[in-house]
Structures are given as C-alpha cells and as structure tokens.
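**Q** Take a look at the following structure, please.
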Amino acid sequence: LCGRTAQALSVLVADYARSLLGIGAYQARDPEVGRYAEEVALYDGETGLQYAPSEAEARFIANHLPIMLDGEPTSDGDVEGYRDLERVSTNAARGGMCLVFGEGIALKAPKIQRYTRELSAVAWPWLQTLIDGDYAAAHSNDDDTTNTDADADADTEGETEAGPESDIGSEADNPTPSDDTSEIVGGPGSATTAAGDDTATQSPSASGPRPEPTDKFLTDLIAGRPVFSHPSEPGGFRLRYGRARNHGHATAGVSPATMHLVDDFLAPGTQLKTERPGKAAGVVPVDTIEGPTVRLATGEVRRIDDAAEALELRNGVERVLDLGEYLVNYGEFVENNHDLAPAGYTVEWWLQELAAAGAPVQALRDAPEINLTDPAPERALAWADADVPLHPAYTYLWHDISV
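Positions in the sequence shown are counted from 1; adding 1185 to them yields this note's numbering.
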C-alpha cells in the first residue's frame, strides 16, 4: 500500500478494533469540527497538502469520523479560533493529523470504501456522500435534524444542548447520511475527457452513463504548468482502455505525435495529474493509438498519427482540435475503486462485432489486400451493409461539433 492509503486504513483499523471491543464511536463536538477545518487549512497554507479539502468537506468528515484524529504539534503558528479545547492538547496545527485527514481520508475515500464494503463490523456509509460531493447538502440536513431534536428536547425536558457526556456514544448515535445516496460511475464524462476522480451520479442514457465533470485534479495547480484540457471538455484526451508493452501500473499512454505537437512538454516520464481515474501517472509513448487532430494554417484538417509527420508539420499547426487518445489500463480504475467509464469505439471492439456477425476474421487478417485496421472507405461501407457497425476509422468526433 502507498503511504496515503496506509494512513487512511490506519483509521479504519482503529475503528474495526473499536467495534470489536464494544467501545462507543467518537462524536466530534461543534468546536472540534470547526477546529479540524481551520487546522487543515492552516497546515495547507504553511506546508501544503497534495489535496486540501474545502471547509464544507472538512466539516462533513469531522462530523462523521468514528475515530478521533490527533497528533503532535508541528506548526509554529496557532489557530485563530477554536483554541483551548478540552479534548485537544495544543493550539498549533498537528501535521500528522492534517496529512491523514486531507491526503488520507479525503483524497483516498474511494479506495477506503472498497475495504469498508468487505468488513461487516465497520460501516462508513457516509463515504459515498463524500465521493459524490454531496457533503454540503448532507451537512445541512444533519444540522436541521440536530436542531429539530434539540428543540424537541427543550420542549419536553427543558434541557440545554448535549454536554460532554453525550460526545461519545454508540454507533447508532452517529450522524450518517440518508439512504438515498446512489452508486456513481467513475471515469471520463465524454469521449474527449482526460483520464483522472468521481463526481455526481448521472442517469444512464442511450449511449451509456455519463458522470459529471470534476475539477478536483486542477486543485493546487502551480503557475507555469500547462493545462491540456479542462474537465470533460471536447478536444481533450479521449479515453482508451488497453496496455502496450511499455505501459504498466500508473502510466499514461500518449501518441508520440501528440507529444511533439505540445512542444515536447509531454516527454517520456513526465507526470500527469488527470481527471480520472484519480491518480497521477507517468507518460509513455504508444504509437498504436490515435494521435491528435489539427487544423493547419492552410485550412486543412487532418489527424496525425506519425511522429515524423508531427515534427514536419508542427510549425504549420494553427490549432489542435483534439489531443488524441489516452491509453489507460483497466487495473487503474479497479485499484482506485472507480467504475469503468464509457470509452471510444476502437478497432479491437469492432473486430469482436465483426466476428459475432459471422465474418471469417482470421481469413481477413491473412488476406494481403485487406487492412482491418484502416480499410478503404468502400470496404468499410460494404461491411456496414452486412449488419456490422461502421469501422471506427470513419466514426468521426461528431459529438464535438454543434449543428
């Protein structure tokens, strides 16, 4: 396990032990919830986190964590509010706690969820709300419920708000989101999305489920670094599943032609931060995937798959219309607990449908006059008339234009 995942799982293990021992779950008091949010922001401002949760997100996590996160003070500065709390021994930022809170729980929520589903003694249903990004609404609902319960208690018993003895109770007393949280689909939101984190649920359509765009991968963007595509924007990288010989774990397959046309900024080994499946990856050149589509100064529009051609034409490129395909393997989505997202229609997929239609695929492969990868237009249309989908070489990016 990587460091951040191990950080998050340490909290899960603690909750598992707590459940087995019959110890009540931790319930943060209101000042402690605010302290978590302020402290994480303070630490991020001084030291920096790979992912810093927003105030609403931090408050949601603090309200639902069944284990109290604590640690040694590591900051010279103190928090401005929520000081001298009874159950917090310092007014300074606790670096270890902030790392577990932000880069562990908040960043690795999908991965944690994969483990909670396998443990009968531990249930963290609020993780789905956190992954969906609905924590603000859930937090508001929790506040409304709390206020209603407090008003009822005041009317019947004349009591004030719960004191210290109510801070730690049974698991059933923990505020949890309602049961209407639904399963989401992770992955690129369109055929031109860069790979990279999960968002709101989208109803399935005729072309498959489409998740909402997410800009989480743009968080903490450093000045001077290029953004090749904004979330799910047409013209960005198009998702393609697969693996080349040089393409392994945490790698991003990009056409060499694309690498040249972005001024060689995407050199082999360059690290990309992507929208989905939510993990950084190192660039590797793959010359068997589709390259970029460009408009030249002459007005000609063409797709460039060859690296030598890209070098020859790049000074005459007026605009990059499409960055080409982005090769990612299935395991990246499984490892990060993201559902597979719709991808582009590829030759491999088309060959399976050609075989299902009864065509002698192996004989066609062996025929020297037939090119199954890039057939002539007449042959592609003839196959389409034989109850086989049109070859992907001729299914253009119609969804990227408006009519």
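Built from N, CA and C at the ideal position, the CB exists for glycine as well.
Compute the Euclidean distance between the alpha carbons of Val1469 and Gly1509, then round it to the nearest angstrom.
**A** Looking at the two C-alpha atoms, the distance is approximately 14 Å.
**Q** Below 8 Å, how does it come out for the segment 1531-1543 and the segment 1512-1520: are there three or more Cβ pairs, yes or no?
**A** With a cut-off of 8 Å, the segment 1512-1520 and the segment 1531-1543 do not count as touching, because too few Cβ pairs lie within range.
**Q** Can you tell me whether DSSP reads Val1469 as helix, strand or coil?
**A** Residue state, collapsed to three classes: strand.
**Q** Is DSSP giving Asp1400 helix, strand or coil here?
**A** The answer is coil: DSSP assigns Asp1400 none of H, G, I, E or B.
**Q** Return the CA-CA distance between Pro1396 and Glu1271, expressed in angstroms with no decimal places.
**A** Each residue's Cα considered, the two are about 43 Å apart.
**Q** Where does Ala1437 sit, in a helix, a strand or coil, going by DSSP?
**A** Three-state DSSP puts Ala1437 in a strand.
**Q** Under 7 Å between the Cβ atoms of Ala1222 and Arg1189?
**A** Cβ atoms of Ala1222 and Arg1189: not closer than 7 Å.
**Q** Give the straight-line distance between the Cα atoms of Ala1210 and Glu1242, rounded to the nearest whole angstrom.
**A** Whole-angstrom Cα-Cα distance: 20 Å.
**Q** Go ahead and pull the three-state DSSP assignment for Val1479.
**A** Three-state result, Val1479: strand.
**Q** Considering Arg1550, what are the terminal residues of the alpha helix (DSSP H) in which it resides?
**A** From DSSP, the alpha helix (DSSP H) with Arg1550 extends over Val1546 to Asp1551.
**Q** Considering only residues of the segment 1477-1534, which uninterrupted alpha helix (DSSP H) runs meet the minimum length of 4 residues and lie entirely inside it, listed in chain order?
**A** Listed in chain order, the complete alpha helix (DSSP H) runs (minimum 4 residues) inside the segment 1477-1534 are 1492-1498 and 1515-1520.
**Q** Which value, in whole angstroms, describes the spacing of the CA atoms of Thr1331 and Val1532?
**A** Because the pLDDT at Thr1331 is just 45, under 50, the model does not fix this residue reliably, and the point stays unresolved.
**Q** Comparing alpha-carbon positions, which option in Glu1265, Thr1473, Val1546 and Leu1205 lies nearest Gly1219?
**A** The shortest C-alpha separation from Gly1219 is found at Glu1265.
**Q** Let me check one thing: in DSSP terms, what residues is Gln1313 bridge-paired to?
**A** Answer is none; Gln1313 lacks a bridge partner.
**Q** State yes or no: is the C-beta of Ala1294 within less than 7 Å of the C-beta of Leu1312?
**A** Cβ atoms of Ala1294 and Leu1312: closer than 7 Å.
**Q** Based on the DSSP secondary-structure assignment, which residues constitute the bridge partners of Leu1451?
**A** Note: Leu1451 sits in no beta bridge, so no partner.
**Q** Could you give the distance in angstroms between the alpha-carbon of Ile1252 and the alpha-carbon of Leu1424?
**A** The straight-line gap from Cα to Cα measures roughly 39 Å.
**Q** Classify Asp1255 as buried or exposed, calling it buried when 16 or more other Cβ atoms lie within 10 Å of its own Cβ.
**A** The residue in question, Asp1255, is exposed, as its Cβ has fewer than 16 Cβ neighbours within 10 Å.
**Q** Assuming Val1479 contacts Val1447 (C-beta within less than 8 Å), just tell me the rounded distance between them.
**A** The Cβ separation is near 11 Å, so there is no contact.
**Q** Quick one: is Gly1409 buried, meaning 16 or more other Cβ sit within 10 Å of its Cβ, or exposed?
**A** It counts as exposed.
**Q** Expressed to the nearest angstrom, what Euclidean distance is found between the alpha-carbon atoms of Ser1195 and Gln1212?
**A** Roughly 18 Å separates the two Cα atoms.
**Q** Thinking C-alpha only, which one of Pro1258, Glu1485, Gly1287 and Leu1457 is nearest Ile1407?
**A** Ile1407 has its Cα closest to that of Leu1457, out of Pro1258, Glu1485, Gly1287 and Leu1457.
**Q** Please classify Phe1402 as buried or exposed, where buried requires at least 16 other C-beta atoms within 10 Å of its C-beta.
**A** Classification for Phe1402: buried.
**Q** Using only CA atoms, which one of Ala1466, Pro1416 and Glu1460 lies nearest to His1432?
**A** Per the Cα distances, Ala1466.
**Q** Helix, strand or coil: which one does DSSP assign to Thr1386?
**A** Low per-residue confidence applies at Thr1386: pLDDT is 35, beneath 50, and the placement is therefore not dependable enough to give any value.
**Q** Helix, strand or coil for Asp1215? Go by DSSP, reduced to three states.
**A** It is helical.
**Q** Give the DSSP-derived three-state secondary structure of Arg1423 in the structure shown.
**A** Strand.
**Q** Could you tell me which residues DSSP puts in a beta bridge with Gln1456?
**A** Partner(s): Gly1467.
**Q** Look up Ala1277 in the DSSP assignment and give the residues it is bridged to.
**A** In the DSSP output, where bridge partners are listed per residue, Ala1277 has Asp1263.
**Q** Is it true that the CB of Val1471 sits closer than 7 Å to the CB of Ala1435?
**A** No. Outside cutoff.
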